[in-house]
Structure formats: C-alpha cells, structure tokens
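The sequence shown begins at 2 in our numbering and counts up one residue at a time. The beta-carbon is built from N, C-alpha and C at its ideal position, and this holds for glycine as well.
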Amino acid sequence: MPENRAMTATVAESATVPAATGKAPTVAFVSLGCPKALTDSELILTQLRAEGYETSNDYDGADLVVVNTCGFIDDAVKESLDTIGEALAQNGRVIVTGCLGAKAGEGGGKLVQQVHPKVLAVTGPHATQAVMDAVHRHVPRPHDPFMDLVPATGVKLTPRHYAYLKISEGCNHRCTFCIIPSLRGDLVSRPVGEVLGDARALFESGVKELLVISQDTSAYGVDVKYRTGFFDGQPVKTRLLDLCTRLGDLAAPFGAWVRLHYVYPYPHVDDILPLMAAGRVLPYLDVPFQHAHPEVLKRMKRPASGERNLERLARWREICPELVVRSTFIAGFPGETEAEFETLLDFMREARIDRAGCFAYSPVQGAAANELPGMLPQEVREERRARFMAVAEQVSVAKLQRRVGALMQVLVDHAPALGRKGGVGRSYADAPEIDGQVRLLPPEKASKTLKVGEFTRARVVAAEGHDLVAMPI
Ligand code: SF4
Numbered sequence: 002m003p004e005n006r007a008m009t010a011t012v013a014e015s016a017t018v019p020a021a022t023g024k025a026p027t028v029a030f031v032s033l034g035c036p037k038a039l040t041d042s043e044l045i046l047t048q049l050r051a052e053g054y055e056t057s058n059d060y061d062g063a064d065l066v067v068v069n070t071c072g073f074i075d076d077a078v079k080e081s082l083d084t085i086g087e088a089l090a091q092n093g094r095v096i097v098t099g100c101l102g103a104k105a106g107e108g109g110g111k112l113v114q115q116v117h118p119k120v121l122a123v124t125g126p127h128a129t130q131a132v133m134d135a136v137h138r139h140v141p142r143p144h145d146p147f148m149d150l151v152p153a154t155g156v157k158l159t160p161r162h163y164a165y166l167k168i169s170e171g172c173n174h175r176c177t178f179c180i181i182p183s184l185r186g187d188l189v190s191r192p193v194g195e196v197l198g199d200a201r202a203l204f205e206s207g208v209k210e211l212l213v214i215s216q217d218t219s220a221y222g223v224d225v226k227y228r229t230g231f232f233d234g235q236p237v238k239t240r241l242l243d244l245c246t247r248l249g250d251l252a253a254p255f256g257a258w259v260r261l262h263y264v265y266p267y268p269h270v271d272d273i274l275p276l277m278a279a280g281r282v283l284p285y286l287d288v289p290f291q292h293a294h295p296e297v298l299k300r301m302k303r304p305a306s307g308e309r310n311l312e313r314l315a316r317w318r319e320i321c322p323e324l325v326v327r328s329t330f331i332a333g334f335p336g337e338t339e340a341e342f343e344t345l346l347d348f349m350r351e352a353r354i355d356r357a358g359c360f361a362y363s364p365v366q367g368a369a370a371n372e373l374p375g376m377l378p379q380e381v382r383e384e385r386r387a388r389f390m391a392v393a394e395q396v397s398v399a400k401l402q403r404r405v406g407a408l409m410q411v412l413v414d415h416a417p418a419l420g421r422k423g424g425v426g427r428s429y430a431d432a433p434e435i436d437g438q439v440r441l442l443p444p445e446k447a448s449k450t451l452k453v454g455e456f457t458r459a460r461v462v463a464a465e466g467h468d469l470v471a472m473p474i
C-alpha cells in the first residue's frame, strides 16, 4: 500500500547500465512515486535496454520521454502533471505510465489526456508491455538488440547494494482513504519461483539488502490459494512464511539482509518472528497501523482492524526481543473525536513503536472517506499530527538512547574520501529513505576504511534525534 510514502523522483541514470554504442534511439525516463512504482520503472528500463534502446536522464536529444507517475495524493498528482508538462515543453514526445495514468478526469476520460492532450500514449501502473508497445509505435525498435549489455538483474534505480523486490501487485482491501485498488486492481501474487529467482540474481549481483514490498505483504498467495510453485526443482508454497524462509536461505551465503515492508498484523505473521530471532530475516517489521481506535479503524475499513495489536506486539517482542517496528498513522480522520485520538496517543506510548510517521488526514480525490461525516478543520488535523509526532519522538529518542554502547552491524551507504573520513550507513533498524541513519566517525585504526555497499561493525557512541553516531571498529 502507499502508506503516504515520501515521493521520490528518479531520472534514469545512464551510468547504472553499460552504455550502448552506435545510433540506438534514446528514451529519457522519469520515475516518480513509491517503491512499487520504482520497481515498475526498473522493469520498463530493463526491457528498453534489452531491446537495444539507450536510456537517458536528459530530455534534450532523447527521441522520446517516458514518465512514470504517482497519483496517490494531490501533491503527487500535481508533481506528476507538472513533470509531464515539463517533458512536453522540452521534448514534445511523451508517454505516460503509472498510477496517474489510470486516474479518470472530470466527466470520464483520462485525467492525463484532459490536462495534457499532446501526450502520445497513457497506460496505468504495472503495464510494461503496454508501455513497450507505445514506445515501438513512436520510436521503432532498434534492429540489433544489445542483449548482452543488460545485467541479469535488470536495470535498477536504487544504489547497487540495495534493491526492492515486489512480490505482488494490487490489493483486496478497500480502505476508505485509499484509491490504490481502483488504480492497481485486486491482489495478484507473483509466482514464488519467479520471485525467488529474482532475489537470487540480485544477491549474486552484489545486493546486500533486499526490501520486500507489495501493497499487502501478509496477503501473499491468498489470490492463488497458496498454490505450490517450484524453485530449483523444489516445491515451494506461495505463502509469506515459505517465501521468507527461502529468501533467508538465499541471503545467508552473501551475508545479506532481507527486510519486510507493508506487513499487516494477521495471526500468521507470528510465524515469521522465529525467522527473525534466528537472524534469517531482519528483525524489522513495517506495519502500517494507521490508527488504534476500533471505531476509527472500522471507518477506515482497515485490514486486521479486529486484531489485538498491543498483545500481538508483546508476543512478537517475546519471540524476538530485538524487533524494530515502523508504522504510519493518520491523525484527524473524518469523525475522529478527541477521545479516539487520545486512544491513538495511548497506543503509541504503550506500543513503543520505534519509527512512526504521521500524516494529517487529507482527502484524496475519488476516496470513499470523502463521503464520511465529520470532516475536521485543517488546523485540528495538523494540531493532532503535531501532538502525535511529539509523543512518537519521545518514544523513538528514548529507544535510540538505549543503543548507546551497543555494537551494531552497519551497511555503508556513503563513504567520502575513500572511507577514511567516516561516512553514513544504516543498521537493521533503519530502512533506506524512510528511517534514521548511523553517522560513522572516521575509523580509529588507520588500516580500516569504509566501503559503500559493505558492512562494518561499529560501536554506538551517541544518539542524535532519529540518528545514531557510531565508531567503526
Ligand atoms: S486499500 Fe488499504 S491495504 Fe490496500 S493499498 Fe490501500 S491502504 Fe493499503
């Protein structure tokens, strides 16, 4: 699910793939939106490169521009429409894909075409083939594809040492604040053998951290009734526990991390915790609770809203005491009373969520929640968000303080000056882009250097806000 992720914009760097020679047509690519959109971009870029197109980060000189859009919140819609306008102004030949492409405008028809009638083609999300068909129509496929120039892992938009692995598309839920199911459809799980094959290729290519994503990771396999697939000739069930077990097996020889996102607190998630306690999968769960009061959760139509989440968290921590939980919440949902909001604050204090984000409710065009009574004034929604974040910060800071003195494994993301002047990394408790970081001091030993994409052991010497400071040892 989107869970109000910060929107990221990525323009394809030609440096991420070997440059093709000759006069192959060039496609400029802009990727907006959440990690799910990013993996769609990677699939399209991979196909473009496989067919011999050049990819570029520059509108000028490109034969065509593809813009992968986000349509979740109004700011994302605006950014996407602005980007399309910019590409049209600077290049003129633009294909649009992604969530905004599926969005209807006033009176029917596609919103993108209503605002920008000059775009050449528009597709919805997860539509690699439809995008490629449109590309072929407007810029014919080069005669001699440079198949050997495409890495086995496809083209990635993330740094070389971490990668998102999408295990399913769409969602069977109908949360009232969300329009994702209308944009991406019902849950479709990817075949388990294919997912594991991708994971292995990523580890073999040097990926040290695999981030499992979907709209609803706990539901993996529900649509295919957990059918048995095959990987390396062995049967594997299309089910979260089996997938995580095999991912842990694949990661182990590389010493790599497997991190789970968008996990709803269903009872069967309990079965994953022993894998975390055993170090097979990172003891980190991204669980989008969104609220804690049963009535608000009912109005939101949230999955797992009937679960006793405090008890579940306690059980998880009993099985795996190092567990770090990240979550997102919405303050000021329509009809939220002060008492209901106070329940949310109490939950936050008791649940001791390590990493929490909170958004003031904001109506999304086409969402069912817009019809709910009791829309709160903007200042109330903002004020509740600020109150929530103050509590969340107290919890998070206190938890980080307890790490001072601990020895942690840190994955290095940046290391200037050949790693002799320190750097920045993340521990198992920090997912890229959304959590804190570990600031690494210059190593004391002259022989020690930090290398991007490699692990280092480090002793935590201080906590600063949401980040840690550590000395590599
Ligand atoms: S409907 Fe609910 S569970 Fe599904 S993507 Fe939207 S917010 Fe996530």
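**Message:** Closer than 8 Å is the cut-off here; do at least three beta carbon pairs connect the stretch 224 to 231 with the stretch 187 to 202?
**Reply:** Touching, per the Cβ criterion.
Is Q114 near the ligand SF4, with its Cβ less than 7 Å from a heavy atom? Checking every heavy atom of the ligand SF4 against the Cβ of Q114, none is found closer than 7 Å.
### Query
How should A459 be labelled, buried or exposed, when 16 other C-beta atoms within 10 angstroms of its C-beta is the threshold for buried?
Answer is buried; the Cβ neighbour count reaches 16.
- With a 10 Å radius around its C-beta and 16 neighbouring C-beta atoms as the bar for buried, classify D355 as buried or exposed. Buried, because 16 or more other Cβ atoms sit within 10 Å of the Cβ of D355.
task: Measuring from each Cβ to the nearest heavy atom of the ligand SF4, keep the ones under 6 Å and list them in chain order.
output: Contact residues of the ligand SF4 (beta-carbon closer than 6 Å to any heavy atom; chain order) are M2, C172, H174, R175, C176, C179, I181, P182, Q216, D217, P304.
message: Within 10 Å of its beta-carbon, does A471 have 16 or more other beta-carbons around it, so buried, or fewer, so exposed?
response: When all chains shown are included, A471 counts as buried.
Between which two residues does the beta strand (DSSP E) harbouring L65 extend?
-> From DSSP, the beta strand (DSSP E) with L65 extends over 65 to 70.
- Are the stretch 292 to 300 and the stretch 400 to 417 touching by the rule of at least three beta carbon pairs closer than 8 Å? The stretch 400 to 417 and the stretch 292 to 300 do not touch, with fewer than three beta-carbon pairs separated by less than 8 Å.
Please state the DSSP three-state secondary structure of C359. Here C359 sits in strand by DSSP.
Practice task
Could you check if A407 is buried or exposed, using at least 16 other CB atoms within 10 Å of its CB as the buried criterion?
Solution key: A407 comes out exposed.
Of the choices L346, R386, E394, Q48, whose alpha-carbon is the least far from that of T135?
-> The sequence shown places Ala at residue 135, not Thr. With distances taken between Cα atoms, A135 lies closest to Q48.
Could you tell me which whole beta strand (DSSP E) segments of length 3 or greater appear in the stretch 156 to 188?
Counting only runs of 3 or more, we get 163 to 167.
Q) Between R142 and the rest of its own chain, which residues show a CB-CB distance below 6 Å, the 5 nearest in sequence each way excluded? A) Its chain contains E52 as the residues whose beta carbon lies nearer than 6 Å to that of R142, once the 5 sequence neighbours on both sides are disregarded; these appear in chain order.
Quiz item: Looking only at DSSP bridge pairs, what is S328 linked to?
Solution: Its beta-bridge partners are A357.
Notebook entry, point to check: In three-state terms, what does DSSP make of D61?
Noted result: DSSP places D61 in coil when its eight states are reduced to three.
Worksheet item: Quick one: Cα of W317 to Cα of V28, how far?
Response: Whole-angstrom Cα-Cα distance: 47 Å.
Is any non-hydrogen atom of the ligand NAD found closer than 7 Å to the C-beta of V237, if you look at the structure I gave you? This structure does not include the ligand NAD; its bound ligands are the ligand SF4.
Bounding residues of the beta strand (DSSP E) (the contiguous stretch that carries S32): Counting along the chain, the beta strand (DSSP E) containing S32 begins and ends at 27 to 34.
In this structure, how does DSSP classify A352 when only helix, strand and coil are distinguished?
A352: helix per DSSP, three-state reduction.
Nearest to K37 (by Cα), restricted to the options R382, Y429, G358, L212 = Ranking R382, Y429, G358, L212 by Cα distance to K37 puts L212 first.
**Study point:** S190 in three-state terms, based on DSSP
**Key:** Correct three-state label for S190: strand.
Measure the CB-CB distance between R386 and A361 and report whether it falls below 8 Å. Result yes, Cβ atoms of R386 and A361 sit closer than 8 Å.
Item checked: DSSP-derived helix/strand/coil call for T450 -> Note: T450 maps to coil in three-state DSSP.
**Report entry** Element boundaries [alpha helix (DSSP H), containing T84]
**Finding:** Run containing T84: 75 to 91, per the alpha helix (DSSP H) assignment.
Handout entry: Reduced DSSP category for R260 - H, G, I as helix; E, B as strand; rest coil
Key = Strand.
Under the three-state DSSP convention, the category M133 falls into: Three-state result, M133: helix.
I'd like to know whether the C-beta atoms of A220 and L197 end up nearer to each other than 8 Å. No.
ask   = Going by alpha carbons, who is nearest to P118 out of H137, P126, A90?
value = Closest option to P118, Cα to Cα, is A90.
Note to self: Buried or exposed for S328, going by 16 or more other Cβ atoms inside 10 Å?
What the structure shows: It counts as buried.
Does the beta-carbon of V398 have 16 or more other beta-carbons within 10 angstroms, so that it is buried, or is it exposed?
Counting Cβ neighbours within 10 Å, V398 comes out exposed, since fewer than 16 surround it.
Point to revise | Secondary structure of M376, DSSP reduced to three states | key: The answer is coil: DSSP assigns M376 none of H, G, I, E or B.
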